[in-house]
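Letter 85 of the sequence shown, counting from 1, is numbered 85 in UniProt numbering, and no numbers are missing.
Note that beta-carbon positions come from the ideal geometry of N, C-alpha and C, so glycine has one too.
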Amino acid sequence: MKIAHLSDSHLGYSQYNLTERRADFFSAFRQAVERMVEEQVDIVVHSGDLFESSQPDINSLSVVINCLKLLKDRGIPFIAIMGNHDRVLRKGKMPPHKILEELGLLTFIGGGKPFGSVVVKDVFVAGVHFMPRLYMEQILNEKLLERFSEQATSFSGSVFLFHQGVDIYLPFENAFELSLSDLPPGFSYYAGGHIHIFAKERVFEGLFSYAGATEFRSVKEAVLDNRGFNIFNLSDGSLTRIKLENLREFMIFDISEGEEDAVLKEIYDKVVERDQPPVVTIRYSYVDKPFSFDREMFKKIQEKALIVRVIQKEVAERKELGGVTETVSLEKVVDDYFKGQKKVVRELAKELASSPSEQIRDILSNFIKENTGLEIDF
1 MKIAHLSDSH LGYSQYNLTE RRADFFSAFR QAVERMVEEQ VDIVVHSGDL
51 FESSQPDINS LSVVINCLKL LKDRGIPFIA IMGNHDRVLR KGKMPPHKIL
101 EELGLLTFIG GGKPFGSVVV KDVFVAGVHF MPRLYMEQIL NEKLLERFSE
151 QATSFSGSVF LFHQGVDIYL PFENAFELSL SDLPPGFSYY AGGHIHIFAK
201 ERVFEGLFSY AGATEFRSVK EAVLDNRGFN IFNLSDGSLT RIKLENLREF
251 MIFDISEGEE DAVLKEIYDK VVERDQPPVV TIRYSYVDKP FSFDREMFKK
301 IQEKALIVRV IQKEVAERKE LGGVTETVSL EKVVDDYFKG QKKVVRELAK
351 ELASSPSEQI RDILSNFIKE NTGLEIDF
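Right, here's the structure in full:
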């Protein structure tokens, strides 16, 4: 019995406000589904953020419907939960997953409830939708997930789906919704979403994994270069990572002050070799002089790339005794400035300070949504 696990597809997301990037997210999802068919999986589970929004556009719905039909025609059920992006926040609103379930294309865990379970092909699948930390604490305190453990042990195979940040994978205090020990014991496989990295751990008697994302939402994810999904084999407990291929390349270049013109030529030579226009990110560190460049060469790169983004990182310089000069990163300066604040505030300030301006609204919206459950448009 082979179970495909994917997550965080974010269909409908127009990264950098580009229609091409929106299409890239569609292509990645299609390729994942086609690979699942090739791999002859028996069940597919999706651990949240199938859509970028709880109100997806017609094109996003069309892509999902066609892909899920492909699975249904081959007898492969698709089971899903809501993530923080595609969950509904108002009473009376219907999540898009419910429409897909009514079309017979998807099994929606819990329906309109925060958690639930289903048995598919003799596999017990339980799950909990994304909820902010405060609500997760209430569920854990009332031991509402423990009943699933008893049910799981009565099946030869079981999967627990969740869309929460687990403590050991988040770098700062109070950013997580679950500790690893909070997961209900007794399951064969713990299928995580929300954290856009591939990771796996042994937990209790089973295997825990984040499937990562099918397409990059940030430069940090691109550095890891791991777009794909998992296949968990219930027969032997093994996990296979399937990496998606031939997707649009993210090219990241680190440049220090004074290297601009020499490195720009190298960047151009690499960009023109690509089959499709890549996303180019230049991370520029400087002490005195912000990014300046050969405009003609920079324009050539822009013509061959989908987009060229320059992230500038100012490095403060201070003199120490004995004439030794020490450089201090902008993040360290921000950290010192917010020293008296909570760690979550310091980390947010550092992320804002080191991110390009076009990402500020997304960072703030996600921070508010994940910590309060509110969805705000700036």
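Beta-carbon separation (whole angstroms), ASN233 vs SER209, contact threshold 8 Å: Looking up residue 233 in the sequence shown gives position 233. Looking up residue 209 in the sequence shown gives position 209. That pair is no contact at about 13 Å.
Assumed close pair ALA28, GLU215 - CB separation to whole angstroms, cut-off 8 Å: The count along the sequence shown starts at 1 and reaches residue 28 at position 28. The count along the sequence shown starts at 1 and reaches residue 215 at position 215. Yes, ALA28 and GLU215 are in contact; Cβ-Cβ is about 4 Å, under 8 Å.
According to DSSP, residues forming a beta bridge with GLN312: Working through the sequence shown from its first residue, we reach residue 312 at position 312. DSSP output for GLN312 lists TYR284 as bridge partner(s).
Cβ-based burial, GLU303 [other Cβ within 10 Å; buried from 16]: Here residue 303 is taken as the residue at index 303 of the sequence shown, counted from 1. By the 10 Å Cβ count, GLU303 comes out exposed.
Whether residue 391 touches ARG217 by CB criterion (9 Å): Here the chain comprises residues numbered 1 to 378, so residue 391 is not present and cannot be evaluated.
Element boundaries [beta strand (DSSP E), containing LYS243]: On the sequence shown, position 243 is the one that residue 243 refers to. LYS243 -> beta strand (DSSP E) spans 238 to 243.
ILE197 and GLY212 closer than 9 Å at C-beta: Position 197 of the sequence shown, counted from the first residue, corresponds to residue 197. Position 212 of the sequence shown, counted from the first residue, corresponds to residue 212. For ILE197 and GLY212, yes; Cβs fall inside 9 Å.
Length-filtered (3 minimum) beta strand (DSSP E) runs lying within the stretch 63 to 107: 78 to 80
Continuous alpha helix (DSSP H) stretch holding LYS265: start and end: Counting from 1 along the sequence shown, the entry for residue 265 is found at position 265. First-last of the alpha helix (DSSP H) with LYS265: 260 to 271.
Cβ contact check for the stretch 113 to 129 and the stretch 72 to 90: 3 or more pairs under 8 Å: yes
PHE115 vs LEU145 beta-carbon contact at 9 Å: What you label residue 115 is simply residue 115 of the sequence shown in a count that begins at 1. What you label residue 145 is simply residue 145 of the sequence shown in a count that begins at 1. Yes, the pair counts as a contact, with Cβ atoms nearer than the cut-off.
Proximity of PHE108 and ILE81 at Cβ, strictly below 9 Å: For this step, residue 108 is matched to residue 108 along the sequence shown. For this step, residue 81 is matched to residue 81 along the sequence shown. The answer is yes: Cβ separation under 9 Å.
Status (buried if at least 16 other CB within 10 Å, exposed otherwise) for ILE58: Translated into the one-based positions of the sequence shown, residue 58 becomes position 58. ILE58 is exposed by the Cβ-count criterion.
Bridge partners - VAL345, DSSP secondary structure assignment: Here residue 345 is taken as the residue at index 345 of the sequence shown, counted from 1. The partner list for VAL345 (beta bridge, DSSP) is empty, contrary to what the question assumes.
Proximity of PRO277 and LEU247 at Cβ, strictly below 9 Å: The sequence position of residue 277 within the sequence shown is 277, counting from 1. The sequence position of residue 247 within the sequence shown is 247, counting from 1. No, they are not a contact pair.
Whole-angstrom distance between SER188 and VAL159, CA atom to CA atom: Translated into the one-based positions of the sequence shown, residue 159 becomes position 159. Translated into the one-based positions of the sequence shown, residue 188 becomes position 188. Rounded to the nearest angstrom, the two C-alpha atoms are 6 Å apart.
For ASP167, the nearest candidate out of LEU348, LEU183, ASN66 and ALA152 (CA to CA): The residue given as residue 167 occupies position 167 in the sequence shown. The shortest Cα separation from ASP167 among LEU348, LEU183, ASN66 and ALA152 belongs to LEU183.
Helix, strand or coil at VAL37 [DSSP, three-state]: Start at 1 with the first residue of the sequence shown, and residue 37 comes out as number 37. Three-state result, VAL37: helix.
Candidates VAL279, ARG227 and LEU103: closest to GLU249 by CA position: In the sequence shown, counting from the first residue as 1, residue 249 sits at position 249. Answer by Cα proximity: VAL279.
Three-way DSSP call (helix, strand, coil) for LYS300 in this model: Translated into positions along the sequence shown, residue 300 becomes position 300. Residue state, collapsed to three classes: helix.
Pair within 9 Å by beta-carbon distance, ILE282 and ARG309: What you label residue 282 is simply residue 282 of the sequence shown in a count that begins at 1. What you label residue 309 is simply residue 309 of the sequence shown in a count that begins at 1. For ILE282 and ARG309, yes; Cβs fall inside 9 Å.
Per DSSP, cross-strand counterpart(s) of ASP254: Start at 1 with the first residue of the sequence shown, and residue 254 comes out as number 254. According to DSSP, which records beta bridges pairwise, ASP254 is partnered with ARG283.
Rounded separation between GLU314 and ALA199 - CA only: Within the sequence shown, residue 314 is the residue found at index 314, counting from 1. Within the sequence shown, residue 199 is the residue found at index 199, counting from 1. Straight-line Cα distance between these residues: approximately 32 Å.
Given LEU6 as reference, the closest of ASP275, SER235 and GLY83 once Cα atoms are compared: By one-based count along the sequence shown, residue 6 stands at place 6. Residue GLY83 is the option with its Cα nearest to LEU6.
SER158 - partner residues in DSSP beta bridges: Working through the sequence shown from its first residue, we reach residue 158 at position 158. Paired residue(s): PHE124.
ARG202 - containing beta strand (DSSP E), residue span: For this step, residue 202 is matched to residue 202 along the sequence shown. That run of the beta strand (DSSP E) goes 198 to 203.
DSSP state of SER60 mapped onto helix, strand, coil: Walking along the sequence shown from the start, residue 60 turns up at place 60. Reduced to three states, the DSSP call for SER60 is helix.
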